[in-house]
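Protein sequence lines, in the order shown, are assigned to chains A and B.
So for the first sequence, the numbering used here puts the first residue at 29; every next one is plus one.
So for the second sequence, the numbering used here puts the first residue at 29; every next one is plus one.
Cβ atoms here follow ideal geometry from the backbone N, Cα and C, with glycine treated the same way.
A quick note: this is a predicted structure, and the numbers were derived from the prediction, not measured.
2 protein chains.
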Amino acid sequence: MPLPQRIEAAAGAPFTVTPQTVIVVPAGAPPMTVATQLLAFIRRASGLSPEIVVAREPAQPASVIALTLDPAATSSDEGYDLTIEAARVTVRASTPAGLFYGVQTIRQLLPAAAEYEALLYRKPPTVTLPALRIADAPRFEWRGAMLDVARHFFSVDEVKRYIDLIALYKINRLHLHLADDQGWRLEIPSWPDLTRKGGASEVGGGPGGFYTRDQYKDIVGYAEAHFVTIVPEIDMPGHTNAALASYADLNCKGTAPAPYTGTDVGFSALCVDLDVTYKFIDDVVRELAALTPGPYLHAGGDEVKTLTPEQYRTFVERVQKIVESHGKRMVGWDEVSAAALLPTSIVQHWRPDASKQLLAGSPHLILSPADRVYLDMKYDDSTLLGLNWAANIPVQRSYDWDPDALVPGARPGSVLGVEAPIWSETLSTMRDVEYLAFPRLAAVAELAWTPQGQRRWDTFKVRLGAQAPRWTALGINFFRAPGIDWAPTR
Amino acid sequence: MPLPQRIEAAAGAPFTVTPQTVIVVPAGAPPMTVATQLLAFIRRASGLSPEIVVAREPAQPASVIALTLDPAATSSDEGYDLTIEAARVTVRASTPAGLFYGVQTIRQLLPAAAEYEALLYRKPPTVTLPALRIADAPRFEWRGAMLDVARHFFSVDEVKRYIDLIALYKINRLHLHLADDQGWRLEIPSWPDLTRKGGASEVGGGPGGFYTRDQYKDIVGYAEAHFVTIVPEIDMPGHTNAALASYADLNCKGTAPAPYTGTDVGFSALCVDLDVTYKFIDDVVRELAALTPGPYLHAGGDEVKTLTPEQYRTFVERVQKIVESHGKRMVGWDEVSAAALLPTSIVQHWRPDASKQLLAGSPHLILSPADRVYLDMKYDDSTLLGLNWAANIPVQRSYDWDPDALVPGARPGSVLGVEAPIWSETLSTMRDVEYLAFPRLAAVAELAWTPQGQRRWDTFKVRLGAQAPRWTALGINFFRAPGIDWAPTR
Numbered sequence: 029m030p031l032p033q034r035i036e037a038a039a040g041a042p043f044t045v046t047p048q049t050v051i052v053v054p055a056g057a058p059p060m061t062v063a064t065q066l067l068a069f070i071r072r073a074s075g076l077s078p079e080i081v082v083a084r085e086p087a088q089p090a091s092v093i094a095l096t097l098d099p100a101a102t103s104s105d106e107g108y109d110l111t112i113e114a115a116r117v118t119v120r121a122s123t124p125a126g127l128f129y130g131v132q133t134i135r136q137l138l139p140a141a142a143e144y145e146a147l148l149y150r151k152p153p154t155v156t157l158p159a160l161r162i163a164d165a166p167r168f169e170w171r172g173a174m175l176d177v178a179r180h181f182f183s184v185d186e187v188k189r190y191i192d193l194i195a196l197y198k199i200n201r202l203h204l205h206l207a208d209d210q211g212w213r214l215e216i217p218s219w220p221d222l223t224r225k226g227g228a229s230e231v232g233g234g235p236g237g238f239y240t241r242d243q244y245k246d247i248v249g250y251a252e253a254h255f256v257t258i259v260p261e262i263d264m265p266g267h268t269n270a271a272l273a274s275y276a277d278l279n280c281k282g283t284a285p286a287p288y289t290g291t292d293v294g295f296s297a298l299c300v301d302l303d304v305t306y307k308f309i310d311d312v313v314r315e316l317a318a319l320t321p322g323p324y325l326h327a328g329g330d331e332v333k334t335l336t337p338e339q340y341r342t343f344v345e346r347v348q349k350i351v352e353s354h355g356k357r358m359v360g361w362d363e364v365s366a367a368a369l370l371p372t373s374i375v376q377h378w379r380p381d382a383s384k385q386l387l388a389g390s391p392h393l394i395l396s397p398a399d400r401v402y403l404d405m406k407y408d409d410s411t412l413l414g415l416n417w418a419a420n421i422p423v424q425r426s427y428d429w430d431p432d433a434l435v436p437g438a439r440p441g442s443v444l445g446v447e448a449p450i451w452s453e454t455l456s457t458m459r460d461v462e463y464l465a466f467p468r469l470a471a472v473a474e475l476a477w478t479p480q481g482q483r484r485w486d487t488f489k490v491r492l493g494a495q496a497p498r499w500t501a502l503g504i505n506f507f508r509a510p511g512i513d514w515a516p517t518r
Numbered sequence: 029m030p031l032p033q034r035i036e037a038a039a040g041a042p043f044t045v046t047p048q049t050v051i052v053v054p055a056g057a058p059p060m061t062v063a064t065q066l067l068a069f070i071r072r073a074s075g076l077s078p079e080i081v082v083a084r085e086p087a088q089p090a091s092v093i094a095l096t097l098d099p100a101a102t103s104s105d106e107g108y109d110l111t112i113e114a115a116r117v118t119v120r121a122s123t124p125a126g127l128f129y130g131v132q133t134i135r136q137l138l139p140a141a142a143e144y145e146a147l148l149y150r151k152p153p154t155v156t157l158p159a160l161r162i163a164d165a166p167r168f169e170w171r172g173a174m175l176d177v178a179r180h181f182f183s184v185d186e187v188k189r190y191i192d193l194i195a196l197y198k199i200n201r202l203h204l205h206l207a208d209d210q211g212w213r214l215e216i217p218s219w220p221d222l223t224r225k226g227g228a229s230e231v232g233g234g235p236g237g238f239y240t241r242d243q244y245k246d247i248v249g250y251a252e253a254h255f256v257t258i259v260p261e262i263d264m265p266g267h268t269n270a271a272l273a274s275y276a277d278l279n280c281k282g283t284a285p286a287p288y289t290g291t292d293v294g295f296s297a298l299c300v301d302l303d304v305t306y307k308f309i310d311d312v313v314r315e316l317a318a319l320t321p322g323p324y325l326h327a328g329g330d331e332v333k334t335l336t337p338e339q340y341r342t343f344v345e346r347v348q349k350i351v352e353s354h355g356k357r358m359v360g361w362d363e364v365s366a367a368a369l370l371p372t373s374i375v376q377h378w379r380p381d382a383s384k385q386l387l388a389g390s391p392h393l394i395l396s397p398a399d400r401v402y403l404d405m406k407y408d409d410s411t412l413l414g415l416n417w418a419a420n421i422p423v424q425r426s427y428d429w430d431p432d433a434l435v436p437g438a439r440p441g442s443v444l445g446v447e448a449p450i451w452s453e454t455l456s457t458m459r460d461v462e463y464l465a466f467p468r469l470a471a472v473a474e475l476a477w478t479p480q481g482q483r484r485w486d487t488f489k490v491r492l493g494a495q496a497p498r499w500t501a502l503g504i505n506f507f508r509a510p511g512i513d514w515a516p517t518r
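As structure tokens, this is what we get:
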């Protein structure tokens with residue numbers, strides 16, 4: 029899960045992990061990261077700790093798991109081939125990311141017990157991997173999840189936990205919604221009150237919080253080790269009450285509004301007529317871009333109810349230039365499709381009723397239709413957490429649609445992929461997030477990875493039910509959705 | 029849960045929470061803590077925020093929840109009376125602890141949704157409490173849980189999480205196992221290497237960790253707000269490799285052993301012939317006692333395989349004097365019953381085969397029979413986490429026994445109560461802890477609270493299955509034990 033593109037059971041005996049098993053890996057830090065992760069899974073599953081051998085096969089290889097890099101291995105940057113034979117497992121990929129995804133597949137072939145960090149065996153079990161051949165590559169390059177850390181703040185450890193969980197399903201983007209009316213979550217040294225004042229609130233009146241620059245870098249590094257690119261978002265011109273409350277000068281009237289802890293939207297906007305607004309944006313974008321190795325910077329742009337259409341377009345185009353000037357590609361919510369966008373810019377489609385014509389003209393598209401993949405929507409009328417302004421979204425509804433059919437007339441290749449946001453108005457803990465994200469996040473991951481023709485709800489739901497022991501081992505607070513035969517847990 | 033001592037459905041309409049509802053509370057910080065907690069539960073369940081009125085009833089009380097303190101209210105310090113009528117809920121108790129337990133009972137009468145911190149209602153539900161009368165008091169004064177933070181370290185937030193969960197079931201002691209072979213977890217300024225060196229290890233080679241004095245005080249304060257007394261344990265003379273590895277001088281041979289990250293027991297012991305050993309113990313006990321408001325200090329005493337019986341007894345008696353000299357009552361594992369104990373000392377029975385005769389002579393007893401209430405024992409042979417050296421412990425086995433019958437001949441009144449330890453050799457996260465603790469912790473809580481004659485497995489298991497929605501709302505990673513009809517979750 030997600031289902032590989034091609035998978036064939038092979039004749040012959042399964043591969044058995046033995047005390048002689050070694051992991052062979054090419055030189056370099058990223059492959060070593062992947063090999064170390066694989067070693068941890070194998071050790072936890074089997075009690076054995078294979079030696080990691082760098083860049084050369086042992087002379088008499090009795091039992092080898094080989095991670096190999098070969099520019100010609102696969103046509104996809106993130107694809108991999110996995111062959112399992114009696115004495116040899118081979119993962120071939122053209123990039124370390126491909127190796128990482130091959131290892132996630134091996135991880136899922138190991139017993140769920142491999143997910144426990146501290147399991148002890150009195151009598152370690154014999155661990156085997158079935159003989160098979162897999163040729164795999166993702167359907168889309170953008171396989172995203174978004175976490176709203178603004179409405180409620182989530183700690184560094186909580187964000188890392190979410191990275192752990194999305195990486196298992198080969199999701200490769202984590203979009204962090206870092207600022208909204210209720211809180212500003214990233215330290216910006218040139219505007220220190222953004223966090224000093226704007227960071228100290230959240231929905232419901234809790235203490236809020238923010239990431240220091242070092243903490244943000246820690247998150248970025250952790251994501252990198254899981255082949256996840258952080259996409260930071262500073263929402264503007266709307267959803268900015270936390271910034272406006274921090275600096276009176278940013279307000280047209282020159283007075284700062286009170287901190288906001290409710291859940292309305294659309295009431296706040298940066299003052300588009302003030303020069304200081306663009307100085308502010310330039311500072312924030314510059315500092316954020318400097319901390320962010322990934323090529324993307326999300327500038328929001330949604331739900332602005334206080335500007336004329338022309339003011340809005342002008343603003344977006346000016347912000348786009350600022351983002352470009354600091355070397356990043358702008359991402360914006362689908363309202364920005366009304367502006368004149370650069371060929372590098374990316375539109376994130378979220379409103380089910382957004383103009384399909386404007387969307388079709390976008391240079392690039394990410395698909396996050398709220399009535400399909402907003403993970404904070406309730407499962408059904410009885411779900412306690414979450415909202416339902418877009419729809420109730422049972423698991424099947426999140427799974428059963430075709431991203432390529434959503435925006436008729438979109439330029440071929442313009443759809444970069446799919447992203448599942450989770451907004452946190454009703455969520456204050458990672459356990460709350462997990463309850464809404466699982467099982468639907470797995471559905472979205474497969475939507476983004478597996479070719480449309482191979483996805484079938486009937487077979488997906490069987491594989492989904494089989495995840496229960498692994499999710500239990502990971503301690504995931506998942507919703508046991510009705511209609512799915514959840515495997516018993518031990 | 030635990031089942032109250034006496035509960036009667038009453039005639040008449042249920043109590044309805046309305047915008048006019050007020051909470052009336054006596055003056056003082058502890059009652060206000062309880063009222064504030066009650067307010068939070070009501071707000072989350074109903075969307076309404078009752079006013080808290082201190083020390084006087086409103087003139088025209090349309091709808092009141094009254095927390096009242098009355099020295100004559102109940103004969104038990106921790107008991108309470110709860111009456112629910114159409115326009116008035118009254119909790120009467122002789123102490124704030126009794127009010128707290130009354131509020132836990134109200135909490136369990138509220139919908140499970142009250143456990144969500146950030147739930148938002150579009151249309152808040154009408155919340156009612158059924159008309160009833162409860163007269164309740166605990167069977168035992170010692171209703172304990174123990175968390176082993178030595179084998180794997182658990183953060184302050186994780187310990188607070190455990191306090192949250194045990195308090196729901198009226199458990200009132202949290203015993204923290206703060207030092208063992210694999211790690212020393214509390215800052216002791218006079219012996220700084222205990223944490224600098226001894227804190228940096230844990231089972232399996234992880235980073236370990238420790239609590240600063242301020243963090244420990246934070247835990248103690250959080251426990252106090254939940255009417256839980258922290259019982260700190262420094263295990264000695266055995267289980268001391270972390271201390272011995274920190275200071276060469278503490279070793280008979282004068283050289284420090286290596287840090288230990290395995291799971292053997294019995295190999296380490298303080299050098300009972302060295303004066304510095306008692307200087308060390310006196311410093312540690314003095315500093316720990318000064319940080320600990322509760323009357324208990326646990327000195328361990330278990331599994332010493334390297335001393336003669338006489339050396340062991342002499343050591344225990346000397347330590348007992350040190351503990352007494354710093355104003356605390358010594359608690360020790362059941363091996364200490366071989367020594368001459370002070371009338372204030374407490375023996376914690378854990379070995380199923382411990383001498384019942386020695387136990388019967390103990391001044392005070394806490395019952396933690398490993399084959400009944402060691403929560404780290406597996407549920408059955410298929411359980412992945414945990415150990416099984418004492419027994420597999422299905423839920424019924426943890427519930428179906430009588431503490432008063434365990435030690436024949438024990439002096440009347442000497443059994444203070446029951447404690448459920450959880451050892452962390454195989455547990456590295458609070459989610460792992462939860463999987464073994466729930467549902468068995470609820471069984472132990474009822475064992476310690478409810479009179480023996482009112483406890484029946486057949487009815488208990490029905491109430492247990494009904495906890496599933498609340499546990500889901502709390503994000504508890506609980507084991508869905510077979511044979512129990514777990515209520516569906518939303």
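Q) Would you say residue 141 of chain B faces chain A, with C-beta separation under 8 Å as the test? A) Residue mapping note: residue 141 of chain B aligns to position 113 of the second sequence, counting from 1. Taking Cβ atoms only, chain A reaches closer than 8 Å to residue 141 of chain B, which makes this a yes.
Q) Going by DSSP, which residues form a beta bridge with residue 170 of chain B? A) One-based indexing of the second sequence puts residue 170 of chain B at position 142. DSSP lists B:445 as the bridge partner or partners of residue 170 of chain B.
Q.
With three or more C-beta pairs closer than 8 Å as the rule, is the segment 255-268 of chain A touching the segment 322-330 of chain A?
A. The segment 322-330 of chain A makes contact with the segment 255-268 of chain A, as at least three CB pairs between them are under 8 Å.
**Q.** Alpha carbon of residue 315 of chain A to alpha carbon of residue 448 of chain A, nearest angstrom
**A.** Reading the first sequence from its first residue, position 287 is the one you call residue 315 of chain A. Reading the first sequence from its first residue, position 420 is the one you call residue 448 of chain A. Those two C-alpha atoms are separated by around 27 Å.
Q: For residue 104 of chain A, count neighbouring Cβ atoms within 10 angstroms of its own Cβ and tell me buried if that reaches 16, exposed if not.
A: Looking up residue 104 of chain A in the first sequence gives position 76. It counts as buried.
Q: Decide yes or no for the touch test of the segment 212-230 of chain A against the segment 162-170 of chain A: beta carbon pairs closer than 8 Å, at least 3 of them.
A: no
Q: Give a yes or no on contact between the segment 120-128 of chain B and the segment 84-103 of chain B, applying the rule of three or more CB pairs nearer than 8 Å.
A: yes
Q: Look up residue 297 of chain A in the DSSP assignment and say whether it is helix, strand or coil.
A: For the purposes of this step, residue 297 of chain A is taken as the residue at position 269 of the first sequence. Three-state result, residue 297 of chain A: strand.
Q | Sequence-distant residues of the same chain with beta carbon closer than 7 Å to residue 271 of chain A, five excluded per side | A | On the first sequence, residue 271 of chain A is found 243 positions in, with the first residue counted as 1. Excluding residues within five positions, the ones whose Cβ falls inside 7 Å are 207, 212, 222, 226 and 278.
Q.
Less than 8 Å between the beta carbons of residue 418 of chain B and residue 467 of chain B, yes or no?
A. To locate residue 418 of chain B, count along the second sequence from 1; it is residue 390. To locate residue 467 of chain B, count along the second sequence from 1; it is residue 439. No.
Q) How would you list, in chain order, the residues of chain A whose beta-carbon sits under 9 Å from the beta-carbon of residue 77 of chain B? A) Here residue 77 of chain B refers to the residue found at position 49 of the second sequence. Those do not exist, as residue 77 of chain B stays about 11 Å from chain A at its closest Cβ, beyond 9 Å.
Q: Using a cut-off of 8 Å between C-beta atoms, extract the partners of residue 279 of chain B located in chain A.
A: As a first step, residue 279 of chain B is located in the second sequence; it is residue number 251 there, counting from the start. Using a Cβ-Cβ cut-off of 8 Å, residue 279 of chain B is close to nothing in chain A; its nearest Cβ partner there is about 28 Å away.
Q: Mind checking the segment 241-252 of chain A against chain D and listing, in chain order, the residues whose C-beta falls within less than 9 Å of any C-beta there?
A: Any reference to chain D falls outside this structure, whose protein chains are A and B.
Q. Looking at C-beta atoms only, is the number of pairs between the segment 386-397 of chain A and the segment 434-450 of chain A that lie closer than 8 Å three or more?
A. yes
Q. What residue range is occupied by the uninterrupted beta strand (DSSP E) comprising residue 277 of chain A?
A. Start at 1 with the first residue of the first sequence, and residue 277 of chain A comes out as number 249. Residue 277 of chain A -> no beta strand (DSSP E), and no H or E assigned at all.
Q. At which residue ranges does the segment 384-409 of chain B contain complete alpha helix (DSSP H) runs of 4 or more residues, listed in the order of the chain?
A. 384-388 and 398-401
Q) For the beta strand (DSSP E) that residue 374 of chain B lies in, which residues bound it at each end? A) Within the second sequence, residue 374 of chain B is the residue found at index 346, counting from 1. Here the beta strand (DSSP E) through residue 374 of chain B covers 374-377.
Q | Identity of the residues DSSP links to residue 96 of chain A by a beta bridge | A | Mapped onto the first sequence, residue 96 of chain A falls at position 68. As computed with DSSP, residue 96 of chain A is found in a beta bridge with A:120.
**Q.** CB of residue 253 of chain B within 8 Å of CB of residue 133 of chain B, strictly
**A.** As a position in the second sequence, residue 253 of chain B is number 225, starting the count at 1. As a position in the second sequence, residue 133 of chain B is number 105, starting the count at 1. It is not a contact, given that the beta carbons lie outside the stated cut-off.
(Q) Using CA atoms only, rank isn't needed, just tell me which of B:364, B:358 and B:317 is closest to residue 339 of chain B. (A) The residue labelled residue 339 of chain B in the question sits at position 311 within the second sequence. For the residues B:364, B:358 and B:317, the minimum Cα distance to residue 339 of chain B belongs to B:364.
Q) Just the Cα atoms here: how many angstroms apart are residue 246 of chain B and residue 472 of chain A? A) Here residue 246 of chain B refers to the residue found at position 218 when the second sequence is read from its first residue. Here residue 472 of chain A refers to the residue found at position 444 when the first sequence is read from its first residue. Whole-angstrom Cα-Cα distance: 41 Å.
Q: Taking only the alpha-carbon atoms, compute the straight-line gap between residue 507 of chain B and residue 59 of chain B and give it to the nearest angstrom.
A: The residue you call residue 507 of chain B lines up with position 479 of the second sequence. The residue you call residue 59 of chain B lines up with position 31 of the second sequence. Take the alpha-carbon of residue 507 of chain B and the one of residue 59 of chain B: they are about 35 Å apart.
Q: Mind checking who residue 264 of chain B pairs with in its DSSP beta bridge?
A: Residue mapping note: residue 264 of chain B aligns to position 236 of the second sequence, counting from 1. DSSP, once it has assigned bridges, lists B:328 as partnering residue 264 of chain B.
Q: Determine the chain B residues that contact residue 459 of chain A at a beta-carbon separation under 7 Å, and present them in chain order.
A: To locate residue 459 of chain A, count along the first sequence from 1; it is residue 431. The answer, in chain order, is 503.
Q. Which residues mark the beginning and the end of the beta strand (DSSP E) in which residue 363 of chain A is found?
A. Walking along the first sequence from the start, residue 363 of chain A turns up at place 335. Segment: none, residue 363 of chain A is in no beta strand (DSSP E) and carries neither H nor E.
Q.
In whole angstroms, give me the CA-to-CA distance for residue 74 of chain B and residue 410 of chain A.
A. To locate residue 74 of chain B, count along the second sequence from 1; it is residue 46. To locate residue 410 of chain A, count along the first sequence from 1; it is residue 382. Roughly 16 Å between the two C-alpha positions.
Q) Between the C-alpha atoms of residue 53 of chain B and residue 128 of chain B, what's the straight-line distance to the nearest angstrom? A) Residue mapping note: residue 53 of chain B aligns to position 25 of the second sequence, counting from 1. Residue mapping note: residue 128 of chain B aligns to position 100 of the second sequence, counting from 1. Their backbone Cα atoms lie some 12 Å apart in a straight line.
Q: Can you have a look at residue 406 of chain A and say buried or exposed, based on whether 16 or more other CB atoms are within 10 angstroms of its CB?
A: Indexing the first sequence from 1 puts residue 406 of chain A at position 378. Per the 10 Å Cβ criterion, buried.
(Q) Relative to the C-alpha of residue 413 of chain A, which candidate in B:126, B:150, B:29 and B:505 has its C-alpha closest? (A) Against the first sequence, residue 413 of chain A aligns to sequence position 385. Taking only the C-alpha atoms, the option nearest residue 413 of chain A is B:150.
Q.
Strictly under 8 Å for the Cβ-Cβ distance: is residue 232 of chain A near chain B by that measure?
A. Walking along the first sequence from the start, residue 232 of chain A turns up at place 204. Answer yes: the Cβ-Cβ gap between residue 232 of chain A and chain B drops below 8 Å somewhere.
Q. Beta carbon of residue 46 of chain B, beta carbon of residue 156 of chain B: below 8 Å?
A. Against the second sequence, residue 46 of chain B aligns to sequence position 18. Against the second sequence, residue 156 of chain B aligns to sequence position 128. Going by C-beta atoms, residue 46 of chain B is not nearer than 8 Å to residue 156 of chain B.
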